[in-house]
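J.: Chains as they are written, first to last, in UniProt numbering: chain A, 1 to 140; chain B, 1 to 140; chain C, 1 to 124; chain D, 1 to 124.
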Amino acid sequence: MSAPWSAGEEPRLLPVAHSSDVVQVRQLIRTLAQECRLSLVDQTKFITAASELARNTLVYGGGGTVRAGKAEKGGRRGVAAVFADEGPGIPDLELAMTDGWTSGGGLGLGLSGTRRLVDEFDLVTEVGVGTTITIVKWAR
Amino acid sequence: MSAPWSAGEEPRLLPVAHSSDVVQVRQLIRTLAQECRLSLVDQTKFITAASELARNTLVYGGGGTVRAGKAEKGGRRGVAAVFADEGPGIPDLELAMTDGWTSGGGLGLGLSGTRRLVDEFDLVTEVGVGTTITIVKWAR
Amino acid sequence: MTERVPILRIGDVLVVSIQFDLEDQTVLNLQEDLAEQIVARSARGVIIDITALEIVDSFVGRMLATIADVSRMLDARTVVVGMRPAVAITLVELGLSLGGVDTALDLEKGLARLRRSAQAADLA
Amino acid sequence: MTERVPILRIGDVLVVSIQFDLEDQTVLNLQEDLAEQIVARSARGVIIDITALEIVDSFVGRMLATIADVSRMLDARTVVVGMRPAVAITLVELGLSLGGVDTALDLEKGLARLRRSAQAADLA
Ligand SMILES: Nc1ncnc2c1ncn2[C@@H]1O[C@H](COP(=O)(O)OP(=O)(O)O)[C@@H](O)[C@H]1O
Ligand SMILES: Nc1ncnc2c1ncn2[C@@H]1O[C@H](COP(=O)(O)OP(=O)(O)O)[C@@H](O)[C@H]1O
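1) Within the same chain, show all residues whose beta-carbon is closer than 6 Å to that of residue 36(C), passing over the 5 residues directly before and after it, in chain order.
2) Closer than 8 Å by beta-carbon distance: list the chain B residues that pair up with residue 125(D), in chain order.
3) Please report the distance separating the alpha-carbon of residue 60(C) from that of residue 7(D).
4) Kindly indicate which residue of 90(D), 51(D), 102(D), 41(D) has the alpha-carbon position closest to the one of residue 65(D).
5) Verify the contact flag: residue 101(B), CB atom, against every heavy atom of ligand 4, threshold strictly below 7 Å.
6) Once DSSP output is grouped into helix, strand and coil, what is the label at residue 38(A)?
7) DSSP on residue 67(D), reduced to helix/strand/coil?
8) Quick one: give me the first and last residue of the beta strand (DSSP E) that residue 15(B) is part of.
9) Could you check the C-alpha separation between residue 122(D) and residue 56(C) for me, to the nearest Å?
10) For residue 135(B), does the three-state DSSP call read helix, strand or coil?
11) Of the residues that make up the stretch 32 to 49 of chain C, which ones have a beta carbon closer than 7 Å to any beta carbon in chain B?
12) Is residue 131(A) near ligand 1, with its Cβ less than 7 Å from a heavy atom?
13) Of all the beta strand (DSSP E) runs that stay within the bounds of the UniProt domain "STAS" (3 to 114) of chain C, which reach a length of 3 or more residues?
14) Using a beta-carbon distance below 8 Å, is residue 96(C) in contact with chain A?
15) So residue 94(A) is in the alpha helix (DSSP H); what residue range does that whole segment cover?
16) Helix, strand or coil: how does DSSP classify residue 25(B) here?
17) Return the CA-CA distance between residue 62(C) and residue 127(B), expressed in angstroms with no decimal places.
18) I need the straight-line Cα distance from residue 65(B) to residue 93(C), nearest angstrom please.
19) Can you give the Cα-Cα distance for residue 51(C) and residue 44(A), rounded to whole angstroms?
20) Could one say the Cβ of residue 90(C) lies closer than 8 Å to chain A's Cβ atoms, at least one of them?
21) Taking only three categories from DSSP, how would you classify residue 3(A)?
22) For ligand 2, is there a heavy atom less than 7 Å away from the beta-carbon of residue 52(B)?
23) For ligand 1, any of its heavy atoms closer than 7 Å to the Cβ of residue 85(A)?
24) Whether or not the stretch 86 to 96 of chain A and the stretch 18 to 30 of chain A are in contact is what I'm after, with contact meaning three or more pairs of Cβ atoms, one per stretch, closer than 8 Å; do they touch?
25) Please name the residues in the stretch 27 to 45 of chain B whose beta-carbon is closer than 7 Å to at least one beta-carbon of chain C, in chain order.
26) Can you give the Cα-Cα distance for residue 5(A) and residue 85(D), rounded to whole angstroms?
27) Can residue 96(A) and residue 80(A) be called in contact, C-beta distance under 8 Å?
28) Alpha carbon to alpha carbon, how far is residue 46(B) from residue 119(B)? Give it in angstroms, no decimals.
29) Measuring straight from C-alpha to C-alpha, what distance separates residue 40(C) and residue 100(D)?
30) At a cut of 8 Å, does the stretch 71 to 89 of chain D reach the stretch 68 to 81 of chain C through at least three beta carbon pairs?
31) Can you list, in chain order, the residues of its chain whose CB lies under 8 Å from that of residue 28(D), leaving out five sequence neighbours each side?
32) Hey, how far is the Cα of residue 45(C) from the Cα of residue 97(D)?
33) Where does residue 82(A) sit, in a helix, a strand or coil, going by DSSP?
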């Protein structure tokens, strides 16, 4: 899935190279989610999802980028974010998407939990090449 | 992963053949962790991790060795320890890494818990050949 | 360089009010500072006020659970106050129900909770 | 040859102060000695002082939990005192929250706790 960016709106690009960048990502996503008029609960869910994925990009992907912006598809409007890294990739996706499974010292809720928090979730990964995750939340 | 020993620093070698050796390992690791200026909490976490792994080397690996010393990677400094035995190896690593799983009468927290206590954790095992576990904690 | 969250004291209760979006390292520092202060000040209770927090992700959620466990081992009780409804919904959906974490609506109710439990302990 | 940790008595409370890094066998001996002494001396309480312990790994953590369970079955209460903050954090992260183990900050508070609970029991 390529992110369904709204026509004429340029998504913003942020680096994810340091722990403080994760804070920046949350702030950017928050602004976008408000502009797209997501409900308060949906804003909260989407920012939380972005926070989980940005941390994974940093910790497991060895750093990368986030692109985030307004999205549009079939008359619906919302906000999309793409987390990309050129890290080790995920060898066993099934396992990684399992609640509670972590290869590090995490809680193993980032991927599985995030998927529950968003409307669209797409994950492309290749061992040795990297991981790209796209999430979208639509305004209701 | 081979341990990222600091250049010019020889890691110390200790045998793990008797219950009293586990005490020695804790003491050596404690000295190193202090020299590397880990925070008090990080020292405590790393010594505890080493204690768990040294006991496993003794109890499950039938004895072996610990090499421990200062570590360095990408500008970060810390302490590393390698626990090696030529014991039976671990047939099902996924299972052994699960919180609460033990083949003996343990609590099954040694491997899974240790991974949470350190910054880097690498485990190589082969049935009939042995087990080697490398852990690193970086000074913050 | 990471910031540190200030820890206030009201009687034998430590109060932490998280006022801004925390970096992960700051979260870990807070955890360690609190454990140290519980012992140093013989605190019987800890209140973590998250009224200002717009989101609690799994990292911060885990800190709350850890602080609750650690403080119990140091003979203090932790109450988390001010959790927003949207945060509660999100945490549950994320899969983190914080079963072991005691909560109250606001600081006042949190303090009252700790006071009652201290009385109960003195009677026990 | 393994060492044995001395067990002191204050009234009907047994007090064990662990002063050095224990070998596993010494930990097991202590567990057995305590169970025996609780019965032999009709003790109502046990205090294990771990102030001097820089680390508590899963082996020692398990001993603390076991002693708490065993003493309860022998009608005595165990209080662990002097746990360092860094030890509490490490135990929680290790996955051992010692839910069934009662704690107090120091020996004095531990003794007071046992005294109160003995009074409560005498009234009951
Ligand atoms: N960007 C990534 N690159 C490589 N591996 C990843 C990435 N994101 C997640 N993973 C893998 O998936 C596992 C599960 O991730 P997650 O559900 O977020 O849990 P946690 O972050 O607590 O480990 C991680 O432990 C890691 O092994
Ligand atoms: N060095 C080793 N050699 C062989 N097996 C091991 C080794 N270390 C751990 N194991 C296996 O992994 C299991 C889990 O270990 P651990 O998590 O430390 O729990 P515990 O020590 O309580 O059993 C052990 O019960 C054992 O079967």
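Each residue gets a CB set at the ideal place from its N, CA and C atoms; glycine is no exception.
T.: Quick look at the numbers:
1) none
2) Nothing about residue 125(D) can be reported from this structure: the residues present for chain D run from 1 to 124 only.
3) Roughly 42 Å separates the two Cα atoms.
4) Out of 90(D), 51(D), 102(D), 41(D), 102(D) has the C-alpha closest to the C-alpha of residue 65(D).
5) Looking at this structure, you won't find ligand 4 anywhere; what it does contain is ligand 1 and ligand 2.
6) coil
7) helix
8) 12 to 16
9) 46 Å
10) Residue state, collapsed to three classes: strand.
11) 32
12) For ligand 1, at least one heavy atom lies less than 7 Å from the Cβ of residue 131(A).
13) 8 to 10, 13 to 17, 45 to 49, 77 to 81, 102 to 104
14) yes
15) 93 to 96
16) helix
17) 36 Å
18) 46 Å
19) 14 Å
20) yes
21) coil
22) Yes, ligand 2 has a heavy atom inside 7 Å of this Cβ.
23) yes
24) no
25) Here the close residues are 41.
26) 49 Å
27) no
28) 9 Å
29) 24 Å
30) A contact between stretches requires three or more CB pairs, one per stretch, nearer than 8 Å, and the stretch 71 to 89 of chain D meets this requirement with the stretch 68 to 81 of chain C.
31) 63
32) 18 Å
33) Note: residue 82(A) maps to strand in three-state DSSP.
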